[in-house]
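Chains as they are written, first to last, in our numbering: chain A, 1 to 336; chain B, 1001 to 1330.
Right, one structure below, let's go through it.
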Amino acid sequence: MKPLLQVDNVSQVYESGGLLRKNKMRAVRGVSLELHEGEVLAVVGESGCGKSTLARMILGLLPPTEGRIALAGRPIARRGAGRLETAKRLQMIFQDPFESINANQKVETVIGRPLQLHGAKGPVRSRVLELLRQVGLTPAEDYIDKYPSQLSGGQKQRVMIARALGIGPRVLIADEPTSMLDVSIGIDIMNLMLDLKRDHDLSLLWITHNLGSARYMSDRIVIMFGGQIIESGPTEEIIASPRHPYTEALLYASPDPWRKGAEPAGIEAADRAEKGLPEDGCRFRHRCPYAQADCALGEIPMDAAEPQRGVRCLYPLGGGADSASSIRIERKDITG
Amino acid sequence: MSLLEVRDLQIEYSSARGPFNAVDGVTFSLERGEIFGLAGESGCGKSTTAYGIGRLLRGSARVVGGSIRFDDVELTGLSDAQFDTYRWARISIVLQSAMNNLNPVMKVKDQLTDAIFAHRKGVSRADALRQAAELMELVDLPKDRLERFPHELSGGMRQRVVIAMALALRPELIIMDEPTTALDVITQKGIIDKIIELKRTFGFSVLFITHDLPLMLEICDRVGVMYAGQMAEIATRERMLAGARHPYTQGLLRSFPSLTGPRVRLAGIPGSTPDLVAPPQGCRFRDRCPHALSVCGSEAPPVRSEADGIVSCHLYAKEENRHEAAAAGR
């Protein structure tokens, strides 16, 4: 099956500094991923891993330095007539509904204006009311004439979802849309997005730092670190048996008082941030409890030995193959 | 005797629509060497409670009733000058954003020694610097970071500096308001582990405030859950993990997607918090409560004490209330 959204070897290099000495920061390094029809793909990583830069490139807000991005087989357009076409298929829900909503517009305008821009003729009020009902803001008549300041954070985020939904996108990109909300409200927003995905046949790219919300939302997960995808696979497999040491650290650092069993040895090493990330070799190696000398050499390839799974590590953790487990024990002995 | 005893605390704010109590009759105690958590969602009054204890209330907020006893001394009766002898020396505070704790134009060493000089008269500069270096060691920071400015450190390191400052005078109580919320989870874990280790070494008590209930249940001995300015429930960690009593706590615990256990659809808590300017009669949670009884609309819930906690809910007040809830098929 052809993917709906295809990101192919995309990089983003930010440049800073003057004429004589330019600093180059490679925020995204050769990222490839596919989002299929009706799928929820979670992109998980900590601040600075490149996940939001990736989202901006997919939306066409930022041209990739390298690589290409295609939606339903056609390249993402950043300007001209194609721009509107891209926007029609690809919509974004931002993190902070307090920032992304225009405080001077009534709900009717916030949701109705994009409908008009995308060619709706005549009054859009009845369509806006319908959208409000779809996102659970009922009775819709009570909400349509309100200003954002009269809404709670969760209600604002629902308005932004209705706005995105209005023009009939195929793909929704959500960048931490619940992180500014109280948890009991955030879970409602997650449920709403799962319901809308099902009812409208949407695909969802769920960008988050929170492995718990990624598990709740997604069919598949990609883990980003230092601008690269370092692990990918079906959600439950990643959660049950991470292959990359960084994924393992992320999993065990996520608070879960109900978790049973001891944490893997050496996890605290993952908190050693002061050295910065190396440019070559494995970018995680300074913080990796299992790092070996050859982790510093060359580009570490994405290993796709297991079906549907990929890991960018010379010594992936545990799981099926006997060799992987024995290597791990051996390495523990070495690192003490 | 508890280290800290808060009784019926009332903290009032004024708003355009009139005054309201952000904290309305909160009671709890904190034992020596205990980590006590205050949990709840935004606006529940957990930070206001902590700021009331630490005398950090701003704007119109003021303590209008109740008592705060620390080591058997009534703090509400102290003048600001008298309270200053407690600040840093006996009660210190760690805020969410390290930049709110640190002076951006002072080097780390000067910030650490400042706290020492302010309270320990006659300490020599060399002695203060030696103490600052020891503090850096306690929080696992390399000594060369003493010469740095806050902006030259990562978020996690800055928060470690703030914890070092809070420890400088070996206080008995450290108030921590969302100390790791702004950090990535791996950095958060390092800091939480460090707080637990330091607490074991020095035996101080912690009042730990966060909205993140799973995190709280990893670090705290007991947890108080606040709702709409009031204490809904206090329970030991073990009690909470086995199952909370108050329907609000139960709803909160059901709102966090878990990494272990089966993958099920979570319910959240429908509705929104009540208006505190005109709070509803009876239980403040009743409009959102799946177990609400007729009595919940008229009478404030009584407080019931059990061996492993207290709960403020009509369901636990009388045997027949539980039967009524059960008969209603919930």
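Ideal Cβ positions, reconstructed from N, Cα and C, are used throughout, including at glycine.
Since this is a predicted model, take the numbers as computed values, not measurements.
Taking only beta-carbon positions, decide if S1335 (chain B) is within less than 7 angstroms of chain A.
Only positions 1001 to 1330 of chain B appear in this structure, which leaves residue 1335 (chain B) out of reach.
Would you say I1269 (chain B) faces chain A, with C-beta separation under 7 angstroms as the test?
Yes - at least one Cβ of chain A is within 7 angstroms of the one on I1269 (chain B).
Length at least 4, wholly inside the segment 78–106 of chain A: the alpha helix (DSSP H) runs in chain order
Whole alpha helix (DSSP H) segments, 4+ residues: 81–89 and 97–100.
Around the C-beta of P1214 (chain B), are 16 or more other C-beta atoms found within 10 angstroms, so that it is buried, or is it exposed?
Flag for P1214 (chain B) reads buried.
Could you check whether the Cβ of P1214 (chain B) sits closer than 7 angstroms to any Cβ belonging to chain A?
Closer than 7 angstroms to some Cβ of chain A, the Cβ of P1214 (chain B) qualifies, so yes.
Cβ pair count under 8 angstroms reaching 3, the segment 1064–1072 of chain B against the segment 1235–1252 of chain B
They do not touch, by the three-pair rule.
Amino acids of chain B, ordered along the chain, whose beta-carbon sits closer than 7 angstroms to that of W206 (chain A):
Neighbours of W206 (chain A) in chain B, taken as residues whose beta carbon is under 7 angstroms from its own, are absent, since the nearest beta carbon is some 12 angstroms off.
Could you tell me the distance, in whole angstroms, from the CA atom of V40 (chain A) to the CA atom of E176 (chain A)?
Straight-line Cα distance between these residues: approximately 14 angstroms.
Mind reading off the beta-carbon distance from V171 (chain A) to L4 (chain A)? Whole number of angstroms is fine, and I expect it under 8 angstroms.
Right, the Cβ-Cβ distance comes to about 6 angstroms (below 8 angstroms), so this counts as a contact.
N- and C-terminal bounds of the alpha helix (DSSP H) containing A162 (chain A)
Counting along the chain, the unbroken alpha helix (DSSP H) around A162 (chain A) starts and ends at G153 to G166.
According to DSSP, is D1193 (chain B) helix, strand or coil?
Taken through DSSP and simplified to helix, strand or coil, D1193 (chain B) comes out as helix.
Counting only runs that start and end within the segment 164–206 of chain A, where is the alpha helix (DSSP H) found for 4 or more residues in a row?
Counting only runs that start and end inside the segment 164–206 of chain A, the alpha helix (DSSP H) elements of at least 4 residues fall at 183–200.
Pairwise C-alpha distance: I1093 (chain B) and V107 (chain A):
Going by the C-alpha atoms only, they are around 42 angstroms apart.
What does K1107 (chain B) reach in chain A if we use C-beta pairs closer than 7 angstroms?
By Cβ distance, chain A contributes nothing, its closest Cβ being about 17 angstroms from K1107 (chain B), past 7 angstroms.
Residues that R1263 (chain B) contacts on chain A, provided the C-beta gap is smaller than 8 angstroms:
Taking the beta carbon of R1263 (chain B) as reference, the chain A residues within 8 angstroms of it are R215, Y216 and E236, listed in sequence order.
Pull up the DSSP beta-bridge partners for G1065 (chain B), would you.
Residue pairing of G1065 (chain B) in beta bridges, as defined by DSSP: B:Q1010.
Could one say the Cβ of A265 (chain A) lies closer than 7 angstroms to chain B's Cβ atoms, at least one of them?
With a threshold of 7 angstroms between beta carbons, A265 (chain A) makes no contact with chain B.
Report the partner residues of L54 (chain A) according to the DSSP bridge assignment.
For L54 (chain A), no pairing in a beta bridge is given by DSSP.
Alpha-carbon spacing of I1053 (chain B) relative to S1029 (chain B), whole angstroms:
Cα-Cα distance, rounded: 12 angstroms.
Could you tell me the alpha carbon to alpha carbon distance between D1184 (chain B) and I1191 (chain B), rounded to whole angstroms?
Taken atom to atom, the span from the alpha-carbon of D1184 (chain B) to that of I1191 (chain B) is near 11 angstroms.
Let me confirm a value: A1001 (chain B) is counted as buried when at least 16 other C-beta atoms fall within 10 Å, else exposed. Which label applies?
A small correction: the amino acid at residue 1001 (chain B) is Met; Ala does not occupy that position in the sequence shown. Under this definition M1001 (chain B) is an exposed residue.
Buried or exposed for D87 (chain A), please, with buried defined as at least 16 other CB atoms from any protein chain shown within 10 angstroms of its CB.
Strictly speaking, residue 87 (chain A) in this sequence is Ala, with Asp absent from that position. With 16 or more Cβ atoms within 10 Å of its Cβ, A87 (chain A) is classed as buried.
Could you give the C-beta distance for R1245 (chain B) and V1311 (chain B), rounded to a whole number, given that I count them as a contact under 8 angstroms?
That pair is a contact at about 4 angstroms.
Between which residues of its own chain and A1292 (chain B) is the CB-CB distance below 6 angstroms, once the five residues before and five after are set aside?
Sequence-distant partners of A1292 (chain B) (beyond 5 residues in either direction) whose C-beta falls short of 6 angstroms from its own C-beta, in its chain, are R1286.
For the segment 1184–1198 of chain B, enumerate the residues whose C-beta is nearer than 9 angstroms to any C-beta of chain E, in chain order.
As a matter of chain content, chain E is missing from the structure shown, whose protein chains are A and B.
If you scan the segment 215–284 of chain A from start to end, which runs of the alpha helix (DSSP H) of 4 or more residues do you find wholly inside it?
If only complete runs of 4 or more residues are kept, the segment 215–284 of chain A shows the alpha helix (DSSP H) at 235–240 and 245–253, in order along the chain.
Got a sec: is the Cβ-Cβ distance from S1047 (chain B) to anything in chain A below 7 angstroms?
Chain A places no beta carbon closer than 7 angstroms to that of S1047 (chain B), leaving this residue out of the contacts.
Can you pull the chain B residues whose beta carbon is under 7 angstroms from the beta carbon of H286 (chain A), in chain order?
The premise fails here: H286 (chain A) is roughly 13 angstroms from chain B at the closest Cβ pair, so nothing lies under 7 angstroms.
Looking only at C-alpha atoms, which of A:G17, A:G136 and A:Q155 sits nearest to M25 (chain A)?
That would be A:G17, whose Cα lies nearest to the Cα of M25 (chain A).
Just to confirm the assignment, what range does the alpha helix (DSSP H) spanning G1156 (chain B) have?
For G1156 (chain B), the uninterrupted alpha helix (DSSP H) run begins and ends at G1155 to L1167, by DSSP.
With H, G and I counted as helix, E and B as strand and the rest as coil, what does DSSP make of V1311 (chain B)?
Here V1311 (chain B) sits in strand by DSSP.
Host beta strand (DSSP E) of F1028 (chain B) (start-end):
It spans G1018 to L1030 - the beta strand (DSSP E) in which F1028 (chain B) sits, taken as one unbroken run.
With respect to the beta strand (DSSP E) encompassing K24 (chain A), which residues constitute its N-terminal and C-terminal limits?
Note, K24 (chain A): beta strand (DSSP E), K22 to L35.
According to DSSP, V7 (chain A) sits in a beta bridge with which residue or residues?
Paired residue(s): A:L33 and A:I69.
Please check the pair R1239 (chain B) and D1308 (chain B), which I expect to be a contact at CB under 8 angstroms, by giving their CB distance rounded to whole angstroms.
That pair is a contact at about 4 angstroms.
Comparing alpha-carbon positions, which option in A:I189, A:D199 and A:G281 lies nearest A296 (chain A)?
Nearest to A296 (chain A) by alpha-carbon distance, out of A:I189, A:D199 and A:G281, is A:G281.
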